[in-house]
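From first to last, the protein sequence lines stand for chains F and X. So for the first sequence, UniProt numbering puts the first residue at 1; every next one is plus one. So for the second sequence, UniProt numbering puts the first residue at 1; every next one is plus one. We put the beta carbon where it would ideally sit given N, CA and C, even for glycine.
2 protein chains.
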Amino acid sequence: MVKYEEKNQQIAYLGPEASFTYLATKSLFPDDSLLPCATIPECIEAVSDGKVNFAVVPLENTIEGTVPMTIDYLYHEAELFIAADCLSKIKQHLMVHKSQKDNWQNIEEIYSHPHALAQCHKFLHQRFGSVPLVRYSSTSAAAKLVSETPERCIAAIGNSSSAEKYGLEIVQKNIHDFQFNHTRFLVLSKNNMRLPIENSEGNAKTTLMITLPVNVSGALHQVLSVLAWRKLDLSKIESRPLKTGLGEYFFIMDVHADENDAMMKGAMEELAALGCNVKSLGTYYTYLTQE
Amino acid sequence: MVKYEEKNQQIAYLGPEASFTYLATKSLFPDDSLLPCATIPECIEAVSDGKVNFAVVPLENTIEGTVPMTIDYLYHEAELFIAADCLSKIKQHLMVHKSQKDNWQNIEEIYSHPHALAQCHKFLHQRFGSVPLVRYSSTSAAAKLVSETPERCIAAIGNSSSAEKYGLEIVQKNIHDFQFNHTRFLVLSKNNMRLPIENSEGNAKTTLMITLPVNVSGALHQVLSVLAWRKLDLSKIESRPLKTGLGEYFFIMDVHADENDAMMKGAMEELAALGCNVKSLGTYYTYLTQE
């Protein structure tokens with residue numbers, strides 16, 4: 001969790017309550033007041049407009065939001081900084097109404113968000129190959145439906161928080177296909193600051209958004225040369241098309257270094273001298289959720 | 001569309017019918033028999049198991065599937081090749097029941113998939129700031145609901161195919177925030193082949209999946225050196241964590257060249273000699289949908 005002095009901060013997050021983003025937000029900010037938003041742009045605007053102190057949005061590998069949307073909004077629409085990021089394991093469980101808990105081998109239908117159904121594909125195929133899967137708008141909406149239908153033997157797939165909120169019985173834990181799947185969330189702030197975090201993993205990292213001057217062969221190679229001889233290590237690189245429709249790109253890169261280090265300052269100056277547009281989203285620490 | 005000799009091919013796609021993936025699939029394979037699948041893994045298995053000839057799945061920037069799932073399944077689970085890719089503009093429209101078409105300024109509720117609501121954030125904020133948004137499992141399910149509720153002035157957001165299928169009136173066209181948003185779809189095949197495509201854009205490209213031998217500073221720089229001096233241009237690069245949970249990565253790269261070119265063969269041999277694990281998903285042409 002975050003160790004800071006201010007109390008009663010307002011935190012926007014991508015809802016609904018009991019979503020995976022909610023779990024991460026609650027874990028980071030257990031004592032603050034949490035505001036669910038319906039979409040990623042709403043979360044980002046809530047912090048841009050000063051309605052909240054921070055916003056928590058998914059960045060990678062999520063079932064709840066489109067990843068490109070978060071990156072594109074940060075690039076095109078908002079002047080925000082990353083105050084922290086958070087890695088959470090994705091854990092999906094099979095849950096039924098308590099009145100059906102001894103009958104769950106005879107499940108008639110399984111409800112969940114389409115991406116959660118996809119994440120549990122192998123388990124569902126092997127154990128419930130002939131049971132109809134029903135797509136629902138969120139894993140927590142599916143859990144709610146099951147809680148309201150005690151007379152039928154139907155199941156929902158979702159996280160432990162959904163089971164708890166709607167009083168369901170988890171009958172099979174960890175039914176997701178890949179055990180090392182993580183979702184990465186960003187904590188966004190109007191100010192360039194880094195949240196002090198308990199259980200933070202490793203050293204600080206810095207996220208850069210870099211637009212190449214021309215889209216020529218080798219331009220990216222030149223950018224990486226600037227970083228490589230300084231032994232500035234990348235933990236992520238992703239190209240994103242610019243919204244000009246002309247096949248031009250910007251890059252988002254996570255560098256394992258502090259933006260105030262001499263090597264990073266030198267690299268950023270040289271990238272600018274090469275004609276790149278370089279925007280730092282700040283240096284921050286990573287939080288690993290415990291669950 | 002695809003110009004090939006075989007008739008009555010079976011094509012799996014990420015459904016439901018009237019989804020954006022359906023539109024792309026129908027445009028590529030107008031005369032073939034299309035099989036909707038509930039999830040990306042189901043599509044991929046349908047072609048792996050030989051039940052269909054091709055599968056069409058979203059790869060980037062989609063509202064329907066998680067992008068990482070497609071990449072991860074191709075890397076970890078399936079031995080498939082890319083036979084073609086397809087770029088479609090994402091166009092979202094506001095639609096109401098025909099009996100409400102003169103009353104649409106007084107919409108009481110707007111239904112759609114959460115990602116579609118997010119893609120139209122600015123329009124909705126400016127024009128319908130106080131109208132409740134209701135999340136639905138897909139844009140076509142929202143259109144279906146509106147078609148079944150003629151007595152209430154509610155709207156759905158979705159594509160033109162949903163409006164057509166459910167007989168709705170489009171009252172505002174192109175309400176999405178970014179005009180140059182594309183979704184990219186892959187056509188997957190068990191064989192390394194390239195579909196001959198009418199209106200294909202530019203030259204062939206090749207998709208490589210590359211695992212670095214060690215996760216050291218500069219390893220990616222070394223990989224790009226192999227490509228850069230040969231003027232092998234990248235149109236996409238993205239790092240993806242391996243599922244070992246150890247902070248190791250593989251890279252997916254799109255190279256503007258044919259895998260049978262002398263320069264590409266040389267590059268792939270050198271990458272292997274450097275200790276990289278290199279897997280080519282094949283060389284293929286890009287199809288631009290006309291709509």
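Span of the beta strand (DSSP E) around residue i
i	result
X/V124	It should be pointed out that residue 124 of chain X corresponds to Leu in this sequence rather than to Val. Run containing X/L124: none in the beta strand (DSSP E); it sits in the alpha helix (DSSP H), H121 to R127.
X/M264	Looking at the DSSP string, X/M264 is not in any beta strand (DSSP E); the run it does join, the alpha helix (DSSP H), is A262 to A273.
F/F250	Y249 to V255
X/L224	X/L224 -> not in any beta strand (DSSP E); alpha helix (DSSP H) instead, spanning A219 to A228.
X/S280	N277 to L288
Residues bridged to residue i (per DSSP)
i	result
X/Y75	None; X/Y75 has no bridge partner.
F/S239	F/F251
X/L34	X/I11
F/D85	F/L186 and F/T286
F/K205	F/Y284
X/M95	X/A156 and X/I170
X/V57	X/L186
F/I197	F/V2
X/L80	Answer is none; X/L80 lacks a bridge partner.
F/L234	F/V255
Element boundaries [alpha helix (DSSP H), containing residue i]
i	result
F/P213	It is not in any alpha helix (DSSP H) - F/P213 carries neither H nor E in the DSSP assignment.
F/A24	F20 to L28
X/P41	I40 to S48
Nearest-angstrom Cβ-Cβ length linking residue i and residue j, presumed shorter than 8 Å
i	j	result
X/L28	X/C120	That belief does not hold up - the Cβ atoms of X/L28 and X/C120 are roughly 26 Å apart, past 8 Å.
X/F20	X/S88	7 Å
F/T207	F/L288	Their Cβ separation, rounded to whole angstroms, is 18 Å, which puts F/T207 and F/L288 out of contact at 8 Å.
X/Y111	X/A142	4 Å
X/I11	X/F81	Between X/F81 and X/I11 the Cβ distance is about 15 Å, and since that is not below 8 Å, they are no contact.
residue 294 of chain F	X/G158	Absent from the model: residue 294 of chain F. The displayed extent of chain F is 1 to 291, so no value can be given.
X/Y284	X/A204	6 Å
X/Y249	X/S235	Actually they are not in contact, since the Cβ atoms of X/Y249 and X/S235 sit about 20 Å apart, beyond 8 Å.
F/V278	F/I210	5 Å
F/Y166	F/S147	4 Å
X/L133	X/L117	5 Å
F/A83	F/R152	45 Å between Cβ atoms; not a contact.
F/S200	F/T286	6 Å
X/L220	F/L224	6 Å
X/K101	X/E169	4 Å
X/A24	X/V56	6 Å
residue 292 of chain X	X/I154	Residue 292 of chain X cannot be examined here, being either before or after the span of chain X that is shown, 1 to 291.
F/S140	F/P16	6 Å
X/Y73	X/P36	Not confirmed; about 18 Å, so no contact.
X/L212	X/C276	6 Å
F/I71	F/I252	6 Å
X/P150	X/R135	About 22 Å separates the two Cβ atoms, so there is no contact after all.
Any chain A beta carbon closer than 9 Å to residue i
i	result
F/F178	Going by chain labels, chain A is absent from the structure shown, which instead holds the protein chains F and X.
Would you mind listing the alpha helix (DSSP H) stretches within the segment 103-185 of chain X that are 4+ residues and don't spill past its ends, in chain order?
-> 114-119, 121-127, 139-147 and 160-165
Interface residues of the segment 225-239 of chain F facing chain X [CB-CB below 9 Å] = S225, L227, A228, W229, R230, K231, L232, D233, L234, S235, K236, I237, E238 and S239
Can you list, in chain order, the residues of the segment 20-42 of chain X whose Cβ is nearer than 9 Å to any Cβ on chain F?
-> A38, T39, I40, P41 and E42
Name, going along the chain, the residues of the segment 132-159 of chain X whose beta-carbon falls closer than 9 Å to a beta-carbon of chain F.
-> L133, V134, R135, Y136, S137, S138 and A141
Members of the segment 98-129 of chain F that neighbour chain X once the beta carbon cut-off is set at 7 Å | P114, H115, L117, A118 and H121
Going along the chain, which residues of the segment 195-223 of chain X sit with their C-beta nearer than 7 Å to a C-beta in chain F?
-> S217, G218, L220 and H221
Chain-ordered residues of the segment 262-273 of chain F with a beta carbon less than 7 Å from chain X | none
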